[in-house]
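A quick write-up on the structure given underneath.
Below you can see the structure in the form of structure tokens.
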């Protein structure tokens with residue numbers, strides 16, 4: 108990373124709180140921050156359906172503090188945010204289907220707890236710098252491609268509605284209460300430590316699990332075009348967003364290398380794996396209702412404002428992910 | 108009302124639930140529905156800071172059922188929605204300032220309870236017809252005037268963020284779960300039974316109270332242009348929206364006669380009152396932060412789709428409101 112000295116200067120010795128820090132992106136961020144010399148505290152609920160996994164801290168576990176706590180547990184929040192310099196706020200319910208079958212839980216985590224975190228910051232640590240993990244899901248079915256930040260927000264599921272509220276609270280608290288928060292709207296993020304047990308984070312997880320286990324994987328539809336961000340690139344965006352003053356009160360898309368269809372992605376995975384089988388099937392009716400079709404993000408705004416660019420091409424990110432799960436799958440399935 | 112026979116055919120003998128039904132618009136709607144022969148049930152929390160007032164049912168109290176209940180009390184919802192043909196969902200926290208000082212309460216009422224109401228309908232009464240009271244507050248500071256329904260949603264306070272979520276849940280449940288819901292985005296609504304105790308519903312309430320009491324009222328700023336809907340016109344929009352199939356899954360602005368500046372409004376009120384004094388003062392800093400400046404709605408979409416038009420001119424609505432409070436003020440302050 109060319110920006111390593113800048114990041115070291117920003118984060119060495121600083122106190123950083125990561126909510127959802129045992130999850131896929133949160134733990135990768137924790138690993139980067141530990142390497143930069145930051146004093147990292149993690150909050151994670153370790154709810155089995157969500158992304159938290161203690162294995163994600165392998166090699167750094169002794170250098171971070173972990174609180175197993177739920178962000179819905181408000182009374183604990185003031186103590187957690189006090190004294191921190193940064194908060195990377197990644198705790199969330201990510202499954203679109205779960206948000207439809209259990210909408211109140213999605214609301215309590217993605218909307219209500221977010222407001223509680225911000226209130227805790229406003230009252231107990233108004234000088235803290237906040238980066239919030241938002242999602243492309245808030246756009247819904249695109250009117251045009253690539254989707255930039257001015258695209259209307261028209262979510263197709265409960266998760267999208269609650270994530271809009273969560274993001275909006277962050278930007279409002281910046282504008283009205285002087286908290287310094289930035290939101291990153293993530294697309295499919297891929298890499299080592301992603302959830303592969305099920306499709307609650309991304310369908311690519313179960314594809315990779317099945318491939319590594321030598322089983323056929325299922326492609327639903329297949330002609331949809333999607334974009335993918337490598338987890339290290341996403342982590343760099345979080346580090347940049349918190350380190351730079353330019354993005355306060357703003358939301359930025361993250362993108363990746365040029366989009367591909369799910370068919371192309373499946374073929375590429377099979378090729379990189381040196382073999383494998385997939386079956387194409389119709390979209391299940393209950394998922395079709397909340398599917399967003401083609402999606403890829405225009406990430407020129409964060410390039411312009413913060414100098415972020417995705418560095419990792421699709422082949423590289425998939426190859427590294429496959430390689431990771433060839434030895435690590437037993438800890439993740 | 109030229110549409111009275113149509114409304115009578117739609118509502119006579121039908122079972123109607125009104126949440127927030129002891130409030131200003133809810134009770135006016137209840138009065139209209141009772142006159143049309145509907146079987147009206149009201150749910151209202153009667154929380155002093157909100158709009159509910161038993162006096163609002165004067166003359167019809169024996170002909171409606173009233174449950175003093177809070178929509179946040181989920182276990183009660185299934186019994187309330189079962190067997191109803193219509194639900195007019197007006198329960199809400201309306202104060203923008205209160206949403207900033209107590210954001211979680213605003214969230215619990217305007218966002219979380221709305222999802223609970225919809226879940227109760229989905230599970231216990233999926234055939235019900237729903238009209239939701241949304242607000243122009245969701246637009247924030249207008250990019251252009253008049254504001255139509257395609258204007259970006261960029262709320263300036265917690266109330267606006269939660270009302271977006273509440274409205275979005277209604278439209279999503281229409282699209283995905285087949286509930287039939289319509290949202291009406293209200294602007295300032297004026298008329299007999301409006302809250303005059305404080306500015307929690309609209310600033311016009313306290314102006315009228317002070318005028319009727321012979322005291323000077325305060326105009327903050329004064330050059331902002333705003334539009335006003337007479338309560339009977341708003342009620343007609345609710346009745347139409349529930350009676351017609353065209354608006355299912357859609358949101359419509361309500362508007363009113365041509366907008367005026369707050370100065371013009373103040374002068375008009377003094378003139379209609381046959382005298383009175385107002386003082387112009389600077390906007391208080393905490394309100395300035397969440398003020399939306401000029402606002403008036405483009406209501407051509409509901410005119411086109413449902414045939415609704417505001418019928419009452421500004422002078423008439425103010426004169427009727429003043430007249431009401433000349434005799435009724437003691438029950439409202």
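Residue numbers (the numbering used here), protein chains in the order written: chain W, 108 to 440; chain B, 108 to 440.
For glycine and all other residues, C-beta sits at the position ideal for the given N, C-alpha and C.
Residue range of the alpha helix (DSSP H) that includes residue i
| i | result |
| --- | --- |
| residue 340 of chain W | 338-350 |
| residue 330 of chain W | Residue 330 of chain W -> no alpha helix (DSSP H), and no H or E assigned at all. |
| residue 319 of chain W | 310-319 |
| residue 188 of chain W | 184-188 |
| residue 421 of chain W | 421-435 |
| residue 408 of chain B | 407-413 |
| residue 138 of chain W | 131-142 |
| residue 370 of chain W | 369-380 |
| residue 203 of chain W | 203-208 |
Residue from the options with nearest C-alpha to residue i
| i | options | result |
| --- | --- | --- |
| residue 391 of chain B | B:204, B:170 and B:313 | B:204 |
| residue 413 of chain B | B:297, B:348, B:304 and B:179 | B:348 |
| residue 135 of chain B | B:385, B:296 and B:322 | B:296 |
| residue 111 of chain W | W:239, W:380 and W:142 | W:142 |
| residue 354 of chain B | B:116, B:206 and B:281 | B:281 |
| residue 374 of chain W | W:329, W:400, W:170 and W:224 | W:329 |
| residue 395 of chain W | W:140, W:247, W:226 and W:148 | W:247 |
| residue 363 of chain B | B:243, B:310, B:316 and B:357 | B:243 |
| residue 324 of chain W | W:228, W:305 and W:237 | W:305 |
| residue 245 of chain B | B:268, B:201, B:438 and B:198 | B:268 |
| residue 439 of chain B | B:147, B:163, B:116 and B:113 | B:163 |
| residue 393 of chain W | W:200, W:214, W:264 and W:249 | W:264 |
| residue 327 of chain W | W:288, W:356, W:368 and W:229 | W:368 |
Classification of residue i by the beta-carbon crowding that lies within 10 angstroms, buried from 16 upward
| i | result |
| --- | --- |
| residue 262 of chain B | buried |
| residue 175 of chain B | exposed |
| residue 420 of chain W | exposed |
| residue 125 of chain W | buried |
| residue 434 of chain W | exposed |
| residue 109 of chain W | Any reading at residue 109 of chain W needs caution, since the residue's pLDDT is 48, under 50, leaving its predicted position unreliable; the model's value is listed next. Residue 109 of chain W should be labelled exposed. |
| residue 389 of chain B | exposed |
| residue 417 of chain W | buried |
| residue 366 of chain B | buried |
| residue 311 of chain W | buried |
| residue 309 of chain W | buried |
| residue 145 of chain W | buried |
| residue 273 of chain B | buried |
| residue 270 of chain B | buried |
| residue 384 of chain W | exposed |
| residue 316 of chain B | buried |
Three-state class that DSSP yields for residue i in the structure shown
| i | result |
| --- | --- |
| residue 241 of chain W | strand |
| residue 151 of chain B | strand |
| residue 230 of chain W | helix |
| residue 399 of chain W | coil |
| residue 441 of chain W | Only positions 108 to 440 of chain W appear in the structure, and residue 441 of chain W is not among them; the question remains open. |
| residue 266 of chain B | helix |
| residue 108 of chain B | In this prediction, residue 108 of chain B has a pLDDT of 46, which is less than 50 and means its spatial position is unreliable; what the coordinates show is noted afterwards. Looking at residue 108 of chain B - three-state DSSP - the assignment turns out to be coil, as it is neither helix nor strand. |
| residue 235 of chain B | coil |
| residue 160 of chain B | coil |
| residue 271 of chain W | helix |
| residue 167 of chain B | coil |
| residue 145 of chain W | coil |
| residue 283 of chain W | helix |
| residue 119 of chain W | coil |
| residue 392 of chain W | helix |
| residue 404 of chain B | strand |
Endpoints, beta strand (DSSP E) assigned at residue i
| i | result |
| --- | --- |
| residue 360 of chain B | 358-360 |
| residue 290 of chain W | 287-293 |
| residue 124 of chain W | 122-126 |
| residue 174 of chain B | 171-175 |
| residue 385 of chain W | 385-388 |
| residue 196 of chain W | 193-196 |
Integer-rounded CB distance, given that residue j should sit under 8 Å from residue i
| i | j | result |
| --- | --- | --- |
| residue 131 of chain B | residue 300 of chain B | 5 Å |
| residue 255 of chain B | residue 405 of chain B | 4 Å |
| residue 408 of chain W | residue 359 of chain W | 6 Å |
| residue 415 of chain B | residue 344 of chain B | 5 Å |
| residue 128 of chain B | residue 154 of chain B | Not quite, the Cβ-Cβ distance comes to about 14 Å (not below 8 Å), so this is no contact. |
| residue 307 of chain W | residue 202 of chain W | 4 Å |
Contact test: residue i Cβ vs the ligand MG heavy atom, cutoff 6 Å
| i | result |
| --- | --- |
| residue 384 of chain B | As far as ligands go, the structure on display features none, and thus does not contain the ligand MG. |
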